[in-house]
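*Asks:*
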Amino acid sequence: MVVFEKPKALTDAVLHYCPGCTHGIIHRLVAEALDELKITGETIGIASVGCSVMAYNYFACDMVQAAHGRAPAVATGVKRANPENIVFTYQGDGDLAAIGTAETVHSAARGENITIIFVNNAIYGMTGGQMAPTSLPGQITQTSPYGRNVETVGYPVKICEMLSQVDGASYLERVAVDSVRNINNAKKAILKAFRNQVEGKGFSLIEVLSTCPTNWGLSPEKAQEWLRENMIPYYPLGVYKDKYAEEADK
Amino acid sequence: MAEKVLMKGNEALAEAAIMAGCRHYLGYPITPQTEVAAYMAKRMPQIGGVFLQAESEIAAINMVIGVSAAGKRAMTSSSSPGVSLKSEGLSYLAGCDLPAFVVNVQRGGPGLGGIQPSQSDYFMATHAGGHGDFHMIVLAPASVQEMVSLTFKGFDLADKYRMTSMILADGTMGQMMEPVSLDMGEITHYDKPWAVTGTGGSREPNSIGRPHNIINSLLLQPEELERFNFERYARYKVVEENEVMYEEYMMEDADICLVAFGVTARVSKNAIKIAREQGIKVGLIRPITLWPFPKAVLRNAAEKVRAFVSVELSMGQMIEDVELATRCIRPVLLCNRTGGVIMTPEEVVAKIKEADEIGGSK
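For the protein sequence lines, the chains are P and S, in the order given.
Numbers 6 to 255, taken from the working numbering, label the letters of the first sequence in order.
Numbers 70 to 431, taken from the working numbering, label the letters of the second sequence in order.
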């Protein structure tokens with residue numbers, strides 16, 4: 006009996022991600038959600054610009070590759086064209102929280118019935134380790150070689166906290182993929198974000214704290230520790246908004 | 070002959086888009102094209118369509134990409150500064166081989182410029198719509214009727230060639246009212262097997278369906294990207310061979326040839342009447358497609374006339390294409406105003422006389 010196999014919603018393409026990178030885990034969680042909800046055949050994924058740009062090769066559903074930061078606008082177009090389709094974006098921190106901030110905030114404000122998977126690893130991975138909008142204060146990167154100085158370049162952007170103030174957003178949760186327990190929680194959140202869309206519950210965004218061993222200059226194991234010790238205290242895990250749960254409680 | 074109605078250019082264009090089967094308008098307000106958005110905001114809900122006011126021109130063109138990727142006809146409209154913002158999306162549309170319909174009701178520039186009519190986005194529309202190797206089909210209406218007919222045609226060409234069709238109008242075309250017929254005939258429907266509509270697998274059993282469609286412009290292998298660009302330009306060649314549109318006016322006996330599009334073509338026709346009363350044989354070639362440009366027509370005209378005058382609302386942009394098309398075998402003069410100013414017929418007549426004097430004998 007097979008007890009653990011590759012999700013059907015992943016193709017057989019070989020992932021290009023660096024050893025120890027957690028994109029692979031997050032891809033798997035998304036694919037498991039598509040499998041469990043049995044929606045791969047009606048789903049359209051929007052890949053963004055960054056390390057996950059080639060996500061279009063890895064998910065078995067129809068895919069569009071969007072310009073840097075524009076995935077929520079492209080998703081809006083796809084969803085408005087065919088509202089019966091399930092539409093998700095898969096975006097990194099530079100894409101979603103820097104160049105695409107307007108598209109992120111306004112797709113939430115409109116309450117677009119889409120699902121956003123936001124991978125936050127506090128660095129620009131694909132271009133080789135530059136400071137991200139989510140890089141931590143003091144974090145050393147290629148473009149903050151003396152550490153992120155908040156006096157001159159400002160503070161990190163906390164997307165879940167920010168979007169929790171937007172009335173149009175339905176479900177916002179921050180998760181991490183640094184441990185089995187957190188991965189299981191991430192799975193539940195991603196599944197719920199897709200189920201929300203199937204049920205027409207509007208805008209869901211899951212922020213996934215992720216590692217970048219290559220550009221952080223750490224081993225995969227040390228990278229998990231760094232995430233736990235540095236990112237989680239700054240970006241606390243948890244549900245930031247759940248409109249339907251709040252209404253059910255009233 | 071269908072009944073004519075009196076309509077403003079921008080509103081007539083919007084109604085024509087609806088008649089062409091467009092049910093998705095994504096836009097952002099900017100003068101002098103805002104009537105298109107306002108008209109769509111009223112009309113789309115009446116016919117089950119989607120009107121969406123985006124957070125920016127950038128978001129609007131990317132929503133067009135989404136709708137088009139999903140296989141539906143989509144449009145956005147803007148004016149010069151807004152079209153600059155859309156250039157990223159226009160490049161992606163080309164790289165993804167997606168059809169789209171985009172309207173630029175031009176105003177004076179550069180920068181925030183002004184809000185009066187201009188044709189100074191000619192280069193941007195025909196030569197530099199965005200980064201990379203690509204073209205758009207550029208249509209230049211010179212009447213409210215053509216705002217309608219070229220919109221209908223533009224949607225068809227976009228689907229036919231999987232390209233962006235751009236209406237390059239000036240503020241005059243958008244703002245003026247004329248009687249128009251809205252009878253455009255039947256829509257041609259094109260199969261879109263490439264569209265992302267879901268692979269079609271059913272929930273029970275949990276099947277995935279057909280292999281996935283990917284809409285993408287990233288090609289990291291240089292030879293592959295080169296091959297795609299060559300294939301795209303082979304398609305452009307077909308467009309150049311089959312889709313050139315122009316009007317010839319009083320060219321049979323002309324010694325001087327004016328070249329003008331949009332509102333300056335109308336000014337030119339008035340100037341031709343005055344000049345001919347004064348004994349100068351002058352005609353007009355009006356490109357209706359600015360890309361593909363009517364190169365062969367101008368090359369042939371160069372064998373017959375003594376000089377050309379490019380009449381434009383810019384510092385001289387189309388004139389470069391006139392010089393290229395005619396191989397400079399005749400003098401090409403520029404009659405221009407810019408910044409939102411429109412020349413008078415008398416100013417054009419003065420330039421015709423200048424051309425008549427320096428044009429020499431045939």
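Each residue gets a CB set at the ideal place from its N, CA and C atoms; glycine is no exception.
I'd like to know whether the C-beta of S:K141 is nearer than 9 Å to at least one C-beta of chain P.
*Replies:* yes
*Asks:* With DSSP run on the structure shown, which of helix, strand or coil describes P:K227?
*Replies:* helix
*Asks:* Name the two residues that bound the continuous beta strand (DSSP E) containing S:S276.
*Replies:* Where S:S276 is concerned, there is no enclosing beta strand (DSSP E), given that its DSSP letter is neither H nor E.
*Asks:* Might you give, ordered along the chain, the residues of its own chain that have their beta carbon closer than 7 Å to the beta carbon of S:V308, omitting 5 neighbours on each side?
*Replies:* Cβ neighbours of S:V308 beyond the five flanking positions: I206, Y230 and P361.
*Asks:* Please classify P:F9 as buried or exposed, where buried requires at least 16 neighbouring CB atoms within 10 angstroms.
*Replies:* exposed
*Asks:* Could you tell me which residues DSSP pairs with S:W360 in its beta bridges?
*Replies:* S:V207
*Asks:* What alpha helix (DSSP H) runs, 4 residues minimum, are completely inside the segment 54-100 of chain P?
*Replies:* 60-63 and 76-86
*Asks:* Is any beta-carbon of chain S found at less than 9 Å from that of P:Q202?
*Replies:* no
*Asks:* Check each candidate in S:V366, S:L327, S:R375 and S:A323 and name the one with the smallest Cα separation from S:L353.
*Replies:* S:L327
*Asks:* Could you name the residues of the same chain whose beta carbon sits closer than 6 Å to that of S:G90, not counting the 5 residues immediately before and after it, in chain order?
*Replies:* R142 and I256
*Asks:* In terms of residue numbering, what span does the alpha helix (DSSP H) encompassing S:C326 cover?
*Replies:* Careful: S:C326 lies outside any alpha helix (DSSP H), inside the beta strand (DSSP E) at I325 to V328.
*Asks:* Kindly indicate which three-state DSSP category P:I31 falls into: helix, strand or coil?
*Replies:* helix
*Asks:* Start and end of the alpha helix (DSSP H) containing S:Y230?
*Replies:* S:Y230 -> alpha helix (DSSP H) spans V213 to Y230.
*Asks:* So, do the segment 234-247 of chain S and the segment 172-188 of chain S have three or more beta carbon pairs nearer to each other than 8 Å?
*Replies:* yes
*Asks:* Assuming contact is defined by CB atoms lying nearer than 9 Å, are S:G474 and S:E126 in contact in what I supplied?
*Replies:* As displayed, chain S neither begins before 70 nor continues past 431, which places residue 474 of chain S out of reach and without an answer.
*Asks:* Between the alpha carbons of P:Q144 and P:V110, how many angstroms are there, rounded?
*Replies:* For P:Q144 and P:V110, the gap between their C-alpha atoms comes out near 26 Å.
*Asks:* Could you tell me whether the Cβ of S:L154 comes closer than 9 Å to any Cβ of chain P?
*Replies:* no
*Asks:* Report the three-state DSSP secondary structure of P:P241 (helix, strand or coil).
*Replies:* DSSP places P:P241 in coil when its eight states are reduced to three.
*Asks:* To the nearest whole angstrom, what separates the beta carbons of S:E157 and S:G199, a pair I think is in contact under 8 Å?
*Replies:* 6 Å
*Asks:* How should P:M267 be labelled, buried or exposed, when 16 other C-beta atoms within 10 angstroms of its C-beta is the threshold for buried?
*Replies:* No answer is possible for residue 267 of chain P: the residues shown for chain P start at 6 and end at 255.
*Asks:* Any Cβ of chain S within less than 9 Å of the Cβ of P:D67?
*Replies:* yes
*Asks:* Looking at the secondary structure, which residues open and close the beta strand (DSSP E) in which P:I211 lies?
*Replies:* Residue range F208 to L214 is occupied by the beta strand (DSSP E) that includes P:I211.
*Asks:* Determine whether the beta carbon atoms of P:G159 and P:T146 lie at a separation below 9 Å.
*Replies:* no
*Asks:* Using 10 angstroms around the beta-carbon of P:A250, count the other beta-carbons present and answer buried if the total reaches 16, otherwise exposed.
*Replies:* exposed
*Asks:* Is S:V174 helix, strand or coil when you go by DSSP?
*Replies:* strand
*Asks:* Determine, using beta carbons only, whether P:R75 comes closer than 9 Å to chain C.
*Replies:* Within the model displayed, chain C is absent; protein chains P and S are what it includes.
*Asks:* Could you list which residues in chain P have their beta carbon closer than 9 Å to that of S:L95, in chain order?
*Replies:* A78, T81, G82 and R85
*Asks:* Can you tell me which of the three DSSP states P:C165 falls into?
*Replies:* helix
*Asks:* Using 9 Å as the limit for Cβ to Cβ distance, is P:G130 near chain S?
*Replies:* no
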